[in-house]
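Take a look at the structure set out below.
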Amino acid sequence: MSKRLIRFDWAVKKLLRNKANFVVLEGFLSELLFDDIKIQKILESESNQETENDKYNRVDILTQNSKNELIIVEIQNTYEIDFFHQMIYGTSKALIENISLGQPYSEIKKVISINVVYFDLGQGKDYIYKGKTNFEGLHENDTFQLSIQQKQTITKKEISDFFPEYYIIKVNKFNDIVKDTLDEWVYFLKNSEVKDEFKAKGLAEAKEGLDIMRLDKEQQYGYNRYLDYLHYKASEILSLRLEAEDKVRQDRNVEIAKNFIVMGLDNITIAKGTGLTVEQIEHLRIEKD
Numbered sequence: 022m023s024k025r026l027i028r029f030d031w032a033v034k035k036l037l038r039n040k041a042n043f044v045v046l047e048g049f050l051s052e053l054l055f056d057d058i059k060i061q062k063i064l065e066s067e068s069n070q071e072t073e074n075d076k077y078n079r080v081d082i083l084t085q086n087s088k089n090e091l092i093i094v095e096i097q098n099t100y101e102i103d104f105f106h107q108m109i110y111g112t113s114k115a116l117i118e119n120i121s122l123g124q125p126y127s128e129i130k131k132v133i134s135i136n137v138v139y140f141d142l143g144q145g146k147d148y149i150y151k152g153k154t155n156f157e158g159l160h161e162n163d164t165f166q167l168s169i170q171q172k173q174t175i176t177k178k179e180i181s182d183f184f185p186e187y188y189i190i191k192v193n194k195f196n197d198i199v200k201d202t203l204d205e206w207v208y209f210l211k212n213s214e215v216k217d218e219f220k221a222k223g224l225a226e227a228k229e230g231l232d233i234m235r236l237d238k239e240q241q242y243g244y245n246r247y248l249d250y251l252h253y254k255a256s257e258i259l260s261l262r263l264e265a266e267d268k269v270r271q272d273r274n275v276e277i278a279k280n281f282i283v284m285g286l287d288n289i290t291i292a293k294g295t296g297l298t299v300e301q302i303e304h305l306r307i308e309k310d
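Residue 22 is where the sequence shown starts when you use this note's numbering, and the numbers rise one by one after that.
Here's what the structure looks like:
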């Protein structure tokens, strides 16, 4: 029987930085990137320090794999309209912080930005998106390629291999229908559950290592506080949305009432047609005069 596990976002912040638990994160990255990812180390930087905002709102982890690539994993629980800007900032910061003064540009590392979001970001039918940089000819519609000499010297196959690569996983868009091992990971990200039949890399270790019952008292307290915070933020966002919708509805009814006043309707009729009070309508008449 499957069991409920610790949320992945909290585990990334608190548990998966431990080298003994790298296998869980490696499994997730391997399934997503269709590659055998081995984490060499966790890189600490200003971008993933635990500020009071970071602690609950955004979870960042910056890793370096055995191919000398930088992989950012960012998990966002609450809506932010400038999230795409944050993605760009994260990759830019990782690039700058991981090249030393005087090093040649050829030492710049490939950056892979993986963004797991639990809110409705952008528009699209899919729940996993990949973005990379290509150069297309304006006249010939061809794709700009590396020369043979560049391929031999730089050991890159495509120009896009130099530039940051982005992945967006829209967890709430996933319909819980598992079709492959990557879906098994998305199911876990959404439901904090690993079914007995799941075979994806890292999930067996996640099922064992992320059991809530394995947390000590202090960790359980911190985890429960985190869950409480997520509930609070969800309620706050719902309240703000309902308030905004009510404001729009009120403004629309006021405009309708003004039109009815011009048409010469009486206050009671206008009140029935708009939902405004007679006092509000009388105030609109005074403003109009």
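Here a beta-carbon is modelled for each residue, glycine too, at the ideal position from N, C-alpha and C.
Item checked: Beta-carbon contacts of Ile27 that lie in its chain and below 6 Å, excluding the five residues immediately before and after -> So the list reads Leu231, Ile233, once near-sequence residues are dropped.
Check: Would you call Gln171 buried or exposed, if buried means 16 or more other Cβ atoms sit within 10 Å of its Cβ?
Finding: Under the 10 Å beta carbon count, Gln171 is surrounded by fewer than 16 other beta carbons and is classified as exposed.
Item checked: Simplified DSSP state of Glu67, which is helix, strand or coil -> Only weak support is given to the placement of Glu67: the predicted model assigns it a pLDDT of 40, under 50, and the value that follows is read from those uncertain coordinates. DSSP places Glu67 in helix when its eight states are reduced to three.
Notebook entry, point to check: Apart from the five residues on each side of it in sequence, which residues of its chain come closer than 7 Å, Cβ to Cβ, to Leu50?
Noted result: Once the five neighbours on either side are set aside, the close Cβ partners of Leu50 are Ile58, Ile92.
Notebook entry, point to check: Mind checking Thr298: buried by the 16 CB within 10 Å criterion, or exposed?
Noted result: Exposed: under 16 other Cβ atoms inside 10 Å.
Note to self: Please give me, in chain order, every unbroken run of the beta strand (DSSP E) with length at least 3 that falls completely inside the stretch 114-171.
What the structure shows: List check, beta strand (DSSP E) in window: 132-138, 149-152.
Next item on the list: State buried or exposed for Met284, treating a residue as buried only when at least 16 other CB atoms are found within 10 Å of its CB.
Entry: By the Cβ-count criterion, Met284 is exposed, with fewer than 16 other Cβ atoms from all chains shown falling within 10 Å of its own Cβ.
Notebook entry, point to check: Does DSSP classify Ile60 as helix, strand or coil?
Noted result: Strand.
Notebook entry, point to check: If you draw a straight line from the C-alpha of Ala41 to the C-alpha of Leu54, how long is it?
Noted result: Approximately 22 Å, taken between the alpha carbons.
Check: Using a C-beta cutoff of 8 Å, does Phe29 count as contacting chain D?
Finding: No chain D is part of this structure, which consists of one protein chain only.
Note to self: For the stretch 214-230 against the stretch 155-173, do three or more pairs of beta-carbon atoms, one drawn from each stretch, fall closer than 8 Å, so that the two count as touching?
What the structure shows: Not touching, per the Cβ criterion.
Item checked: Under the three-state DSSP convention, the category Val80 falls into -> Confidence at Val80 is low in this model, with a pLDDT of 47, below 50, so the placement of that residue should be treated as unreliable; the coordinate-derived value is given next. DSSP places Val80 in strand when its eight states are reduced to three.
Margin query: Measuring straight from C-alpha to C-alpha, what distance separates Arg306 and Ala265?
Written below: About 26 Å.
Checklist line | First and last residue of the uninterrupted alpha helix (DSSP H) at Ile302 | finding: Unbroken alpha helix (DSSP H) run through Ile302: 299-309.
Checklist line | Where Tyr244 sits in the DSSP three-state scheme | finding: Residue state for Tyr244 is assigned as helix, using DSSP reduced to three classes.
Item checked: Buried versus exposed call for Phe156 [16 or more other C-beta atoms within 10 Å across all chains shown] -> Burial call: exposed.
Next item on the list: Taking 8 Å as the threshold, find out whether the stretch 97-104 comes into contact with the stretch 113-122 through three or more Cβ pairs.
Entry: Segments in contact, no.
Next item on the list: Classify Gly145 as buried or exposed, calling it buried when 16 or more other Cβ atoms lie within 10 Å of its own Cβ.
Entry: Its Cβ having fewer than 16 others within 10 Å, Gly145 is exposed.
Margin query: If I follow the unbroken alpha helix (DSSP H) through Glu52, where does it start and stop?
Written below: Glu52 -> alpha helix (DSSP H) spans 43-54.
Note to self: Can you look up Leu36 in the DSSP assignment and give me helix, strand or coil?
What the structure shows: Leu36: coil per DSSP, three-state reduction.
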